[in-house]
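Just add 537 to the spot in the sequence shown (first one is 1) and you have this note's numbering.
Please read the structure below before turning to the comments.
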Amino acid sequence: MANNVSVESARSIPKNADAIGIPVGVTGTVPRQLGLSRSALSEHGFDGKVGQTLVVPSSNGPTLVAVGIGDARKATAATVRRSAAALARATARRSHVVTNLVDAVSLDARTAAQAAVEG
């Protein structure tokens, strides 16, 4: 069975999103949207390493997925590719997955977007 995949760019989260990938680095602040502190993430074995994910179910909205991006300032296309692939695996049963992974790293947008799609 083939998966039907499409990629779009949007300024806000589409209403039909059923999972949101939230990039989290190994240092720095944890995005508020995730609703967990760095110490809470750590308690669940997540520390922001490239390719790590932590699924955070929600009873009143899309499932949230913490996606490890390592050191965002040192990210490469390979980093983005691995993180996007990890998000895809973590959300394989979801129909509409969104993320701002491309915006979270210090790569030019075109390179980051290409790597995310490849992941």
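Where is the CB? At the ideal position from N, CA and C, for every residue including glycine.
Cβ of residue i within 8 Å of Cβ of residue j?
| i | j | result |
| --- | --- | --- |
| A646 | R618 | no |
| A603 | L638 | no |
| G598 | V561 | no |
| H581 | L591 | yes |
Per DSSP, which one or two residues make a beta bridge with residue i?
| i | result |
| --- | --- |
| V592 | V602 |
| T636 | G558 |
| G585 | Answer is none; G585 lacks a bridge partner. |
| G607 | G562 |
Between residue i and residue j, which are expected to be in contact by the criterion C-beta below 8 Å, what is the C-beta distance as a whole number of angstroms?
| i | j | result |
| --- | --- | --- |
| V642 | A650 | Actually they do not touch by this definition, with Cβ atoms about 11 Å apart. |
| L624 | T636 | 6 Å |
Between which residues of its own chain and residue i is the CB-CB distance below 8 Å, once the five residues before and five after are set aside?
| i | result |
| --- | --- |
| A622 | G588 and G656 |
| A609 | P560, G562, G565, A641, V642 and S643 |
| A615 | A652 |
| S574 | V567 |
| A547 | V635 |
In chain order, what residues of the same chain lie with their CB nearer than 7 Å to the CB of residue i, ignoring the 5 residues before and after it?
| i | result |
| --- | --- |
| A556 | P599, T600, V602, T628, R631 and V634 |
| A552 | It is worth fixing the name first, because residue 552 is Lys in this sequence and not Ala. Counting only Cβ-Cβ distances below 7 Å, and skipping sequence neighbours, we find nothing. |
| I559 | P568, Q570, L571, L601, V602, A603 and V604 |
| I550 | I557 and V635 |
| P594 | T600 |
| A612 | I606, V642, S643 and L644 |
For residue i, which residues in the same chain have their Cβ closer than 6 Å to its Cβ, ignoring the five residues on either side in sequence?
| i | result |
| --- | --- |
| G585 | V561, G562, V563 and G605 |
| A554 | P599, H633 and V635 |
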